[in-house]
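As given, the protein sequences belong to chains A and B, one line each in that order. Throughout the first sequence, residue numbering follows UniProt numbering, covering 1 to 326 in sequence. Throughout the second sequence, residue numbering follows UniProt numbering, covering 1 to 550 in sequence. Built from N, CA and C at the ideal position, the CB exists for glycine as well. Working notes, structure below.
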Amino acid sequence: MLCALRKLGLFALTLWAAVTINFFLPRLMPGDPADAALARLAQNGPVTDATRAAIEAQLGLPTGNLWDQYVSYLQQVVTLDFGVSFTYYPQSVSELVADALPYTLILVGLVTVIAFIGGTLLGVLAAWKRGTWLDALPTIGGSFASAFPYFWTALLLLFFLGYVLRWFPSSGAYSVTSDPGLNWQFIGDAAYHAALPAVTILVTSLGGWILGMRNTMISTLGDDYVTFAEANGLRKRTVALRYAARNAILPNLTSFGLALGGVVGGSLLVEQVFGYPGVGYLLFNAVINQDYPLMQAMFLMITVSVLVANFLVDILYGVLDPRTRR
Amino acid sequence: MAPSRILRRAALAAVAALALSSCAIQLQSRPDPTVGDDTMLIGADTGAPFFEENFNPYLGTKRIGVNYLFEPLLLVDPISGQEHDWLAESTEVPDPSTIVFDLRDGVTWSDGEPFTEDDVAFTFDLLQQVPAFDGTGIWSYIDSYETGDGTVTVHLKEPDVPARVIIGGVVIVPEHQWADVENPDSFRNTDPIGTGPYTLGNFTPQQYSMDKNHDYWQADEVAAEHLILPAANSDLDVVTKGYDWAFKYMSNVEGTWLAASDTNSYFFPPGGTIALFPNHTREPFDDVRVRQALSLALDRRSIADLAAEGYMDPASMSGLLLPNQEEDLDPSLPDQGFVEQDRDRALELLAEAGWTLQGDRLVDESGQQLAFTITTANGYADWLRAVQEVERQFEAIGIDVSVDQPQPAGHTLAQRNGDFDLIVSSFGGTGTVYQDFNNNLSGEFFVPEGEETGNNFGRYRNDEVDAILREYRVTTDETRLRELAWELENVFYDDVPVIGMYYGGSWGLFSDRKFTGWPSEEDRYSPITYMPSALLVLTSLERVRQEGDD
Numbered sequence: 001m002l003c004a005l006r007k008l009g010l011f012a013l014t015l016w017a018a019v020t021i022n023f024f025l026p027r028l029m030p031g032d033p034a035d036a037a038l039a040r041l042a043q044n045g046p047v048t049d050a051t052r053a054a055i056e057a058q059l060g061l062p063t064g065n066l067w068d069q070y071v072s073y074l075q076q077v078v079t080l081d082f083g084v085s086f087t088y089y090p091q092s093v094s095e096l097v098a099d100a101l102p103y104t105l106i107l108v109g110l111v112t113v114i115a116f117i118g119g120t121l122l123g124v125l126a127a128w129k130r131g132t133w134l135d136a137l138p139t140i141g142g143s144f145a146s147a148f149p150y151f152w153t154a155l156l157l158l159f160f161l162g163y164v165l166r167w168f169p170s171s172g173a174y175s176v177t178s179d180p181g182l183n184w185q186f187i188g189d190a191a192y193h194a195a196l197p198a199v200t201i202l203v204t205s206l207g208g209w210i211l212g213m214r215n216t217m218i219s220t221l222g223d224d225y226v227t228f229a230e231a232n233g234l235r236k237r238t239v240a241l242r243y244a245a246r247n248a249i250l251p252n253l254t255s256f257g258l259a260l261g262g263v264v265g266g267s268l269l270v271e272q273v274f275g276y277p278g279v280g281y282l283l284f285n286a287v288i289n290q291d292y293p294l295m296q297a298m299f300l301m302i303t304v305s306v307l308v309a310n311f312l313v314d315i316l317y318g319v320l321d322p323r324t325r326r
Numbered sequence: 001m002a003p004s005r006i007l008r009r010a011a012l013a014a015v016a017a018l019a020l021s022s023c024a025i026q027l028q029s030r031p032d033p034t035v036g037d038d039t040m041l042i043g044a045d046t047g048a049p050f051f052e053e054n055f056n057p058y059l060g061t062k063r064i065g066v067n068y069l070f071e072p073l074l075l076v077d078p079i080s081g082q083e084h085d086w087l088a089e090s091t092e093v094p095d096p097s098t099i100v101f102d103l104r105d106g107v108t109w110s111d112g113e114p115f116t117e118d119d120v121a122f123t124f125d126l127l128q129q130v131p132a133f134d135g136t137g138i139w140s141y142i143d144s145y146e147t148g149d150g151t152v153t154v155h156l157k158e159p160d161v162p163a164r165v166i167i168g169g170v171v172i173v174p175e176h177q178w179a180d181v182e183n184p185d186s187f188r189n190t191d192p193i194g195t196g197p198y199t200l201g202n203f204t205p206q207q208y209s210m211d212k213n214h215d216y217w218q219a220d221e222v223a224a225e226h227l228i229l230p231a232a233n234s235d236l237d238v239v240t241k242g243y244d245w246a247f248k249y250m251s252n253v254e255g256t257w258l259a260a261s262d263t264n265s266y267f268f269p270p271g272g273t274i275a276l277f278p279n280h281t282r283e284p285f286d287d288v289r290v291r292q293a294l295s296l297a298l299d300r301r302s303i304a305d306l307a308a309e310g311y312m313d314p315a316s317m318s319g320l321l322l323p324n325q326e327e328d329l330d331p332s333l334p335d336q337g338f339v340e341q342d343r344d345r346a347l348e349l350l351a352e353a354g355w356t357l358q359g360d361r362l363v364d365e366s367g368q369q370l371a372f373t374i375t376t377a378n379g380y381a382d383w384l385r386a387v388q389e390v391e392r393q394f395e396a397i398g399i400d401v402s403v404d405q406p407q408p409a410g411h412t413l414a415q416r417n418g419d420f421d422l423i424v425s426s427f428g429g430t431g432t433v434y435q436d437f438n439n440n441l442s443g444e445f446f447v448p449e450g451e452e453t454g455n456n457f458g459r460y461r462n463d464e465v466d467a468i469l470r471e472y473r474v475t476t477d478e479t480r481l482r483e484l485a486w487e488l489e490n491v492f493y494d495d496v497p498v499i500g501m502y503y504g505g506s507w508g509l510f511s512d513r514k515f516t517g518w519p520s521e522e523d524r525y526s527p528i529t530y531m532p533s534a535l536l537v538l539t540s541l542e543r544v545r546q547e548g549d550d
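Next comes the structure, spelled out in structure tokens:
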């Protein structure tokens with residue numbers, strides 16, 4: 001109980017630190033949101049002082065000194081009201097995040113879970129059948145695929161499957177004519193549009209899970225209790241899964257917790273390449289436009305979910321491995 | 001199978017993949033057959049990645065389609081500089097402080113209501129009440145206005161003939177719709193009513209359509225029945241999906257856009273001058289000999305070729321965009337104001353200014369090397385390529401150059417604050433000679449370093465220029481205006497307030513498959529999709545008759 005309380009206290013402290021850094025980091029960037037908007041406009045034609053004045057009036061830039069801004073920011077964090085976005089004015093931040101989040105949660109979330117389960121199982125198999133083709137194929141294939149940069153795989157898939165062969169749509173989350181809603185037609189259409197980004201993330205992330213699991217599993221397999229279990233004549237599957245894998249999965253589980261927490265951050269490059277309206281794309285736009293309200297809300301969301309995921313994994317660890325409960 | 005063999009196969013596969021990706025795959029344009037022959041596909045409005053529905057023409061986050069919905073009183077084409085009477089049938093300047101807009105008869109709003117002087121008055125008032133909407137600052141010129149009998153008469157605070165273009169350039173919205181809007185500054189106008197050639201059709205977050213307004217006052221001039229504006233307009237989309245019109249810089253345009261279809265064409269006229277702005281409040285840039293020397297040290301052709309892949313020309317030191325503004329060019333300027341590289345002359349000028357070559361370093365009396373920083377924006381690849389070439393050319397005459405690349409917002413801030421030695425930026429492109437020079441050189445905008453300004457950020461001050469600009473504001477005589485333009489060009493050429501490098505392009509991509517009459521070398525006007533001047537394109541096109549058409 002004391003242990004859980006101590007963890008909770010640490011959690012609160014980390015949260016406050018993260019929230020504060022969230023506030024100050026964007027403001028350390030040179031220039032303010034009006035400068036960013038002006039820089040964008042200047043690309044399209046001459047801008048004058050009048051333009052700057054109009055933009056400042058439109059954005060309603062933060063007033064008061066940094067301390068006042070910080071206090072009102074803390075109020076926003078508590079009430080979860082982040083105001084209006086600068087980039088997408090007059091859209092509110094909550095509206096924007098609520099629009100983007102489902103796409104990312106389903107795309108990145110689902111793929112992360114699939115990659116974790118599939119990769120871990122393949123890792124177990126590879127370690128168990130060490131030295132055979134069942135080991136070599138997933139291990140080498142996985143590290144080969146994950147060695148490609150994310151965006152490069154994405155661009156290749158997009159170019160060949162999207163533009164040359166035209167088997168898959170080249171951008172968007174659903175067809176232009178499709179009406180978003182909970183019906184099978186829309187879900188099918190959305191899945192079709194999510195296929196290429198999903199494959200990209202899967203292909204590039206699978207290798208990590210396989211290798212992680214395989215390597216810990218191999219060292220576990222050399223332990224005495226595994227030999228003992230084998231000597232006792234237990235079924236091979238029982239030894240592999242109940243004895244070796246259960247102990248070997250701990251490091252992978254930690255990474256899984258982190259990965260799950262990071263899901264809400266979206267997959268920036270993949271979403272960019274495929275024009276997918278998820279959180280990663282939104283975050284990118286928020287950063288290049290110095291959109292403080294949007295950035296704050298999104299970084300907060302990411303930090304909190306990573307912290308919560310970590311916290312949960314910490315608790316889960318205690319359940320899986322009694323030694324860590326002290 | 002042994003791992004080593006798998007490894008070998010994997011390596012083979014990788015080589016095959018590389019070979020496949022490096023061999024040229026020629027993409028062909030394959031238009032969507034469901035898009036009709038009377039429908040134009042435009043690459044103009046790019047979602048992020050989806051569209052927000054916002055057709056308020058005064059908001060920075062507006063959809064580009066507002067430019068085809070709403071119209072100004074008069075239009076200036078930014079390329080030809082030509083003024084077109086639009087919702088005003090004529091614009092008179094009885095004296096330099098008064099502008100009379102005589103409104104066109106028979107113009108109606110897309111809901112059938114007549115367009116009157118009350119709408120213009122309402123719009124002017126709106127921009128005064130909501131300063132956030134007054135992006136061109138018309139209320140810094142207007143003292144008062146009055147309406148009557150189909151005219152709007154504007155009285156200016158002080159004589160300023162060129163201001164008619166700015167005031168006349170405001171797009172007009174209907175009073176009968178907007179008068180009821182409670183918070184205009186967050187009004188998204190999702191059901192827009194305009195006077196323009198198109199009305200809003202179907203809106204979805206990934207694309208919207210616009211339909212021809214058959215009661216448009218020049219409906220006969222409008223060829224396309226429908227417009228489609230998709231949210232995704234990547235280079236690959238534009239090349240493969242049969243776009244009719246796009247505004248886009250495309251690398252190797254011959255091998256991509258032109259090669260995709262034999263009806264494709266492009267037109268890249270200069271849209272602005274990419275230049276080095278010296279900070280006139282810092283040494284040694286306050287010395288005209290140093291500025292002249294820096295200008296002479298540049299080989300502008302190689303800079304232009306590197307920066308814009310050979311699509312754009314070196315900039316003339318007349319300060320004009322050539323050949324767009326050829327008519328305004330002083331014929332006595334040598335070689336149309338183009339300055340050739342002359343290192344010997346540059347070194348002579350620098351020696352007069354106190355910098356002599358010692359070995360390969362240019363030093364002053366105390367042995368200090370001439371050193372400065374060039375500031376450019378991170379991520380603007382063409383600017384960076386230009387700066388790297390400039391750096392090389394300056395270093396060749398013994399100057400120690402460093403390059404600073406803040407993010408675009410940081411670059412804008414440095415520019416506004418005067419926190420730079422030399423900064424890369426662009427100027428010109430308004431279409432009028434006066435505006436181009438006034439924005440950049442007028443002493444009225446002078447502020448010391450540390451204070452912010454959006455105009456004349458080089459902090460240039462020259463009484464001669466200010467006198468010419470003042471006279472410009474009160475002059476209506478065409479001949480005198482031309483002489484004044486020539487005088488400005490000569491000051492620019494001799495005093496080098498800004499070091500022009502090369503022209504930034506206005507990137508028009510067109511297809512003659514369904515429509516013809518696009519801007520071209522022979523018919524020079526602006527290919528821009530995202531400004532009111534796009535109305536000129538939409539009213540200049542003609543349908544290409546297909547076989548089987550009657």
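In the three-state scheme derived from DSSP, where H, G and I count as helix and E and B as strand, F492 (chain B) is classed as helix. DSSP, reduced to helix, strand and coil, places W257 (chain B) within a helical segment of the structure shown. The residue from A:P180, A:L206, A:G142 and A:Y317 with its alpha-carbon nearest to that of R246 (chain A) is A:Y317. M29 (chain A) has a beta carbon lying within less than 8 Å of a beta carbon in chain B. Q369 (chain B) has its alpha-carbon roughly 50 Å from the corresponding atom of V238 (chain B).
Here the alpha carbons of W383 (chain B) and F151 (chain A) stand approximately 25 Å from one another. Using a Cβ-Cβ cut-off of 8 Å, N378 (chain B) does not count as an interface residue toward chain A, since no Cβ of chain A sits closer than that to its own. Residue state for M210 (chain B) is assigned as strand, using DSSP reduced to three classes. The beta carbon of R246 (chain A) sits no closer than 8 Å to any beta carbon of chain B.
Ranking B:P205, B:F122 and B:V222 by CA distance to the CA of D180 (chain B) puts B:F122 first. Following the DSSP letters along the chain, one finds F256 (chain A) inside the alpha helix (DSSP H) bounded by residues R246 to G262. Residues of the stretch 103 to 123 of chain A with a Cβ closer than 7 Å to any Cβ of chain B: none. Per the coordinates, the alpha-carbon of A39 (chain A) lies some 35 Å from the alpha-carbon of G109 (chain A). Of the residues assessed, N264 (chain B) falls on the buried side of the cut-off, its CB having 16 or more other CB atoms within 10 angstroms.
The beta carbon of L96 (chain A) sits closer than 7 Å to those of S85, Y88, L282 and L294, all from its chain and outside the five residues before and after it, given in chain order. S305 (chain A): member of the alpha helix (DSSP H) spanning Y292 to L320, first to last residue. With a threshold of 16 other beta carbon atoms within 10 Å, H280 (chain B) meets it and is buried.
With fewer than 16 neighbouring CB atoms inside 10 Å of its own CB, I187 (chain A) falls in the exposed class. Taking the Cα positions, Y243 (chain B) is about 26 Å away from A42 (chain A). Taken atom to atom, the span from the alpha-carbon of F372 (chain B) to that of S402 (chain B) is near 6 Å.
Under the DSSP definition of a beta bridge, M40 (chain B) partners with B:L227.
In this structure, T104 (chain A) lies near G278 (chain A), with their beta-carbon atoms less than 8 Å apart.
Nearest to Q26 (chain B) by alpha-carbon distance, out of A:I302, A:R235 and A:F159, is A:F159. Counting only Cβ-Cβ distances below 7 Å, L38 (chain A) has contacts in chain B at T412, in chain order.
If you draw a straight line from the Cα of Y276 (chain A) to the Cα of V164 (chain A), it comes to about 20 Å.
With a contact defined as Cβ atoms closer than 8 Å, M40 (chain B) and L258 (chain B) miss out at about 20 Å.
A residue is called buried when at least 16 other Cβ atoms come within 10 angstroms of its Cβ; H214 (chain B) does not meet this threshold and is exposed. Going by C-alpha positions, D512 (chain B) is about 18 Å away from L229 (chain B). When secondary structure is reduced to three states using DSSP, S234 (chain B) falls in the coil class, being assigned neither helix nor strand. Shown here, S92 (chain A) sits in a strand according to DSSP, grouped into three states. If you draw a straight line from the Cα of S80 (chain B) to the Cα of P527 (chain B), it comes to about 11 Å. Our two residues, T177 (chain A) and D111 (chain B), have alpha carbons roughly 27 Å apart in a direct line. The beta carbon of D102 (chain B) sits closer than 8 Å to the beta carbons of A88, E89, S90, T91, E92, G150 and T151 from its chain, once the five residues preceding and following it are set aside; these are given in chain order. In terms of Cβ geometry, T539 (chain B) and E221 (chain B) form a close pair [threshold 8 Å]. The C-beta of D321 (chain A) comes no closer than 8 Å to any C-beta of chain B. Secondary structure note for T91 (chain B): its beta strand (DSSP E) is the uninterrupted segment A88 to D95.
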